[in-house]
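Residue numbers (numbering that gives the first Met the number 0): 0 to 91.
The beta carbon of each residue, even a glycine, is placed where N, CA and C say it ideally should be.
These numbers were taken from a predicted model, which means no experiment stands behind them.
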Amino acid sequence: MDDDQRARASCFAVIAPDAYRLRTIGLTALTIAVLCVELPNGLDSSVRIHAFAAVYCAAIFVIWGVGITLTLRSIRLSEKYRAEHPVPVPVT
Numbered sequence: 000m001d002d003d004q005r006a007r008a009s010c011f012a013v014i015a016p017d018a019y020r021l022r023t024i025g026l027t028a029l030t031i032a033v034l035c036v037e038l039p040n041g042l043d044s045s046v047r048i049h050a051f052a053a054v055y056c057a058a059i060f061v062i063w064g065v066g067i068t069l070t071l072r073s074i075r076l077s078e079k080y081r082a083e084h085p086v087p088v089p090v091t
């Protein structure tokens, strides 16, 4: 494994858990916020507005986490494909 591959592997080791945590935090916050919004009419309007804002923020976290996860997965797959199918170098 050369230095470039080691650097990429360490980058994945650092970023991937953060992406999964971000997605998990977002999904949890989204669930809690939706439950707050869907409660009976016992909530006053200011609490309901905050709950709607929490839904939007949580949705952003989920989208961001999923986007990072999918990007990392596609990079990993392209690295794996390149390793399995090397491009022949022309001899000059």
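Distances from the alpha-carbon of His49 to those of Ser77, Tyr19, Ala28 put Ala28 closest.
In the assembly as shown, Arg22 is a buried residue. Its beta-carbon has 16 or more other beta-carbons within 10 Å. DSSP places His84 outside both helix and strand once states are collapsed to three, so it counts as coil. In this structure Ala32 is in contact with Ala57, their Cβ atoms being roughly 5 Å apart against a cut-off of 8 Å. Counting other Cβ atoms within 10 Å of its Cβ, Val61 reaches 16 or more and is therefore classed as buried. Secondary structure of Val90 (DSSP, three-state): coil.
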